[in-house]
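K.L.:
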Amino acid sequence: MGNTLDPKIREKAITRTSIIGIVTNVFLAAFKAGAGLIAGSISVVLDAVNNLTDAFSSIITILGIKLAKKKPDEKHPYGYGRIEYFSTILIAVIVLSAGVASLVESVKKIFSPTLPEYSLVTVIIIVISVITKLVLGRFVKGQGEKYASDALVASGSDASFDAIISASTLIGAGITYFLHFSVDGILGAIISAFIVKAGVEMMLEAVSHVIGKRPDSAITGEIKATVNAIPGVLGTYDLILHNYGPDSAIGSLHVEVSGDMTATQLHALTQKIQMAVLEKFHIFVTVGIYAVEQENAEVISMRTKIGEICKGHEGVVNSHGVFIGLEEKRLSFDVTLDFSVADKPGMAKTIQKEVEDTFPGFTVTVNCDTNYSD
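The letter at position 291 of the sequence shown is residue 301 when you use the working numbering, and the numbering goes up by one with no holes.
#1: Tell me the rounded alpha-carbon separation between residue 12 and residue 230.
#2: Is it buried or exposed for residue 304, if we count other Cβ within 10 angstroms and need 16 for buried?
#3: Mind checking whether residue 374 and residue 341 have CB atoms under 9 Å apart?
#4: Helix, strand or coil: how does DSSP classify residue 272 here?
#5: Cβ of residue 71 within 9 Å of Cβ of residue 139?
#6: Pair every Cβ in the region 74 to 89 with every Cβ in the region 253 to 270, then say whether three or more of these pairs are closer than 8 Å.
#7: Can you check the region 85 to 159 for any alpha helix (DSSP H) of at least 4 residues that lies completely inside it and give the ranges in chain order?
#8: When the Cα atoms are used, what is the spatial distance from residue 58 to residue 134?
#9: May I ask which residues mark the beginning and end of the beta strand (DSSP E) holding residue 334?
#10: Since residue 36 and residue 65 should fall inside the 8 Å C-beta cutoff, what is the C-beta to C-beta distance between them, to a whole number of angstroms?
#11: I'd like to know whether the C-beta atoms of residue 330 and residue 266 end up nearer to each other than 9 Å.
#12: For residue 302, which beta-bridge partners are listed by DSSP?
#13: Quick one: what does DSSP say residue 245 is sitting in, helix, strand or coil?
#14: Using a Cβ distance threshold of 8 Å, determine whether the region 143 to 155 contacts the region 232 to 244, with at least three qualifying pairs required.
#15: Quick check: residue 365 and residue 325, are their CB atoms within less than 9 Å of each other?
#16: Grab the span of the beta strand (DSSP E) containing residue 377 for me, first residue to last.
#17: Would you identify the three-state DSSP class for residue 12, choosing helix, strand or coil?
#18: According to DSSP, which residues form a beta bridge with residue 261?
#19: I'd like the list of long-range same chain contacts for residue 293, defined as Cβ closer than 6 Å, with 5 residues on each side in sequence excluded.
#20: Which value, in whole angstroms, describes the spacing of the CA atoms of residue 38 and residue 203?
#21: So the candidates are 201, 322, 215; which of them puts its Cα closest to the Cα of residue 163?
#22: Among 147, 46, 161, which has the Cα closest to the Cα of residue 21?
#23: Would you identify the three-state DSSP class for residue 344, choosing helix, strand or coil?
#24: Across the region 197 to 211 and the region 112 to 120, are there enough close Cβ pairs to call them in contact, namely three or more that are closer than 8 Å?
#25: Among 28, 62, 25, which has the Cα closest to the Cα of residue 43?
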């Protein structure tokens, strides 16, 4: 969400990486299937099937990012970016299906074992497969992290697991050769377990994004630092990001500014903030304003005391947006509460009572904010 890369560059990089994955996995599947059939090894054949599902996953990744780039329309004004998450869910379903099917066959093989015949050629093919998948896994996962693609990260991690799984077939070959005992079904079951595990993890990550995952603290921290660096901004609060795809988001935030700024100056400042965030993070934000009194000593003292009261309560992330009306004797401010606070209304009432006791005669309003981002 909100990465600093150009969307077109990201799309090309993900497509290129996926194509490399497709070609590599198809070749590996062909080699492994041949070796497994010759040796009569179900674990090697299932490993080949896993490579085919990896290739199919890469195809879905390409289709997903192409569809996600469809322009917004009247029916979907926020665009189609979340299709990438649904494509990841589809990949997870495929991986899970393959894992369950291979588990069934492996269990059958455990109860009705046959002795595989591994040749030197078979062993060489497996070794080549292990090395290739290690290199491919590291490359694909690295590209996925660089270009914020959950599908690529999952595929890269899966490829690394495949290398370990393929290496386990070498152990099976050694046991078969020296002990004349078949562990093919057992290894097949282990491979199946890894496939199912990868599918479940992939599914959970994609569903988490669809539900509404907390934005990356590194991104939100950079956004706040960027906004705070703009002259006239005294503080940034209430940053909320709505994710509509890995590289598509809109948001809102509040900034504290000097209370003596004119409407024209405020307008110019909010435009600067919007342009800075849009250019660096490709995120459009709506900007709200909190006016801060910087001249009246009494107001400054009261604001400081309110901050101290709030900090004295566990679970309070920060307090901000303080409004102090001396003439009408009215006080209002926001407190951001951590999710560990079970009774938020109760916490607000407690803080309100302490502030009322500290400043008798004032009408106090405490607004609870949810800690949407770090």
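Glycine included, every Cβ here is placed at the ideal spot set by N, Cα and C.
P.N.:
From the atom records:
#1: As a first step, residue 12 is located in the sequence shown; it is residue number 2 there, counting from the start. As a first step, residue 230 is located in the sequence shown; it is residue number 220 there, counting from the start. Any reading at residue 12 needs caution, since the residue's pLDDT is 47, under 50, leaving its predicted position unreliable; the model's value is listed next. Cα to Cα, the separation comes out at about 9 Å.
#2: Walking along the sequence shown from the start, residue 304 turns up at place 294. So residue 304 counts as exposed.
#3: Taking the first residue of the sequence shown as position 1, residue 374 is located at position 364. Taking the first residue of the sequence shown as position 1, residue 341 is located at position 331. Contact flag set, yes.
#4: Position 262 of the sequence shown holds residue 272. DSSP places residue 272 in coil when its eight states are reduced to three.
#5: Mapped onto the sequence shown, residue 71 falls at position 61. Mapped onto the sequence shown, residue 139 falls at position 129. It is not a contact, given that the beta carbons lie outside the stated cut-off.
#6: yes
#7: 93 to 121, 130 to 156
#8: Position 48 of the sequence shown holds residue 58. Position 124 of the sequence shown holds residue 134. If you take the alpha carbons of residue 58 and residue 134, they lie about 15 Å apart.
#9: The count along the sequence shown starts at 1 and reaches residue 334 at position 324. Start and end: 326 to 335.
#10: Along the sequence shown, one-based indexing puts residue 36 at 26. Along the sequence shown, one-based indexing puts residue 65 at 55. Right, the Cβ-Cβ distance comes to about 5 Å (below 8 Å), so this counts as a contact.
#11: As a first step, residue 330 is located in the sequence shown; it is residue number 320 there, counting from the start. As a first step, residue 266 is located in the sequence shown; it is residue number 256 there, counting from the start. Cβ distance < 9 Å, so residue 330 and residue 266 count as in contact.
#12: One-based indexing of the sequence shown puts residue 302 at position 292. Beta-bridge pairing links residue 302 to 268.
#13: On the sequence shown, residue 245 is found 235 positions in, with the first residue counted as 1. Residue state, collapsed to three classes: strand.
#14: no
#15: Numbered from its first residue, the sequence shown carries residue 365 at position 355. Numbered from its first residue, the sequence shown carries residue 325 at position 315. Not a contact, by the Cβ cut-off of 9 Å.
#16: Stepping through the sequence shown from its first residue, residue 377 is reached at position 367. Its beta strand (DSSP E) spans residues 373 to 380.
#17: Position 2 of the sequence shown, counted from the first residue, corresponds to residue 12. Because the pLDDT of residue 12 is 47, which lies under 50, any placement of that residue in the model is unreliable, and the number read from its coordinates should be weighed accordingly. Here residue 12 sits in coil by DSSP.
#18: As a position in the sequence shown, residue 261 is number 251, starting the count at 1. Per DSSP, 251, 295.
#19: On the sequence shown, position 283 is the one that residue 293 refers to. Closer than 6 Å at the Cβ level, and outside the excluded window around residue 293, lie 12, 259, 261, 287.
#20: Position 28 of the sequence shown, counted from the start, is the residue given in the question as residue 38. Position 193 of the sequence shown, counted from the start, is the residue given in the question as residue 203. One C-alpha to the other measures close to 21 Å.
#21: Stepping through the sequence shown from its first residue, residue 163 is reached at position 153. It is 215.
#22: On the sequence shown, position 11 is the one that residue 21 refers to. Nearest of 147, 46, 161 to residue 21, Cα basis: 161.
#23: Within the sequence shown, numbered from 1, the residue matching residue 344 stands at position 334. The answer is strand: DSSP assigns residue 344 an E or B state.
#24: yes
#25: Sequence index remark: in the sequence shown, residue 43 carries index 33 (1-based). Nearest of 28, 62, 25 to residue 43, Cα basis: 62.
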